[in-house]
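Chemist:
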Amino acid sequence: MNDYILSCCSSCDLSAEYFERRNIPALYFRYELGGTLYLDDMGKSVPPEEFYRRMLEGEDTRTSQLGICEYEDFFEPFLRQGKDILHVSLSSGLSGTSNSAKLAAESLLETYPDRKIYIVDSLGASSGFGFLVDSLADLRDQGTGIDELYGYAEANKLHVHHWFFSTDLTFYIRGGRVTKTEGAIGNLLGICPLLNMDSDGLLIPREKIRGRKKVCARTVEKMVEHADDGKNYAGKCFLSHSDCYEDARYVADLIEATFPNLDGTVQIFPIGATIGSHTGPGTVALFFRGDLRGK
């Protein structure tokens, strides 16, 4: 058994059951909803459907960055047990938490110089970040050591593709990602922006597509274009969604019909409060392994 911990944070949008089953400790982010502070504990405190309902009813949401001390408090019990740590963080293109984790690791190594702490900037988000963690957990369970696992993570993280769309631009307008005029016209005409995550871990608008079914189909076309071996792709596939399961299920059905060699069925997860505070309801995100992500 490898004597190290593989850990991450709750913004990778898997599930509490998943983390427990795979033995992956997770550090919970925090968010504010309607003036009350909550832990992003994968829906234990506030189930996803309630979270998005309250957003639609007008309750304000805010997220806060985890600080160095919080990472130190999270890491130190494992170090005291004599365990090394490989921690995977949310993209540095979206949050400063990866830097906080690195600074915490540097500080702790002064006290525990015989231990190893690797911080992997996933350059990913939501269940795409989770897709990377899942791949690492598979390798860990096969007996891969921490040094080799860290090398794999750094060499392969940009092969995890993130493609996503939103059918409701309301919260993109509130967050300043689109102008009020663009958002109003887009909502009126049923325009769904298709975005992806680039090699710097930044969210980049790629296309504007009119209609739900068309954007669903175009998202699957992106998987055909970029997945390892195209339609012969034999890896896993994850989807996450913000209170729009029917859209996510429609995309999953298209994928399962298009990729007959898929490793199992498409796994669908709810987008948690940290990411969902910025997307609002109506977002579907697709994650798979493919060619190297570019700008």
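Numbers given in the working numbering equal positions in the sequence shown, counted from 1, plus 371.
We put the beta carbon where it would ideally sit given N, CA and C, even for glycine.
Please tell me whether L457 and Y489 are closer than 8 Å, where the distance is taken between their beta carbons.
Modeler: yes
Chemist: Any idea if R511 is buried or exposed, counting beta-carbon neighbours within 10 angstroms, 16 or more meaning buried?
Modeler: buried
Chemist: Check E403 in the structure and name its three-state DSSP category.
Modeler: strand
Chemist: Count the other C-beta atoms from every protein chain shown that fall within 10 angstroms of the C-beta of T654, then say buried if there are 16 or more, exposed otherwise.
Modeler: buried
Chemist: So, helix, strand or coil for E525, using DSSP?
Modeler: helix
Chemist: Where do the ends of the alpha helix (DSSP H) carrying I439 lie?
Modeler: I439 to R451
Chemist: Taking the alpha helix (DSSP H) that I646 belongs to, which residues open and close that run?
Modeler: Per DSSP, the unbroken alpha helix (DSSP H) holding I646 starts and ends at A644 to T650.
Chemist: Could you tell me the alpha carbon to alpha carbon distance between T636 and R577, rounded to whole angstroms?
Modeler: 27 Å
Chemist: Here's a check: name, in chain order, each residue in its chain whose Cβ is nearer than 8 Å to the Cβ of S478, leaving out the five neighbours to either side.
Modeler: I439 and E443
Chemist: Take the Cβ of T538 as the centre, count every other Cβ of all protein chains shown within 10 Å, and call the residue buried at 16 or more, exposed below.
Modeler: It counts as buried.
Chemist: Return the first residue and the last residue of the alpha helix (DSSP H) that V622 is part of.
Modeler: Note, V622: alpha helix (DSSP H), Y616 to T629.
Chemist: Can you give me the Cβ contacts of Y389 inside the same chain, cut-off strictly under 7 Å, excluding the 5 residues immediately before and after it?
Modeler: none
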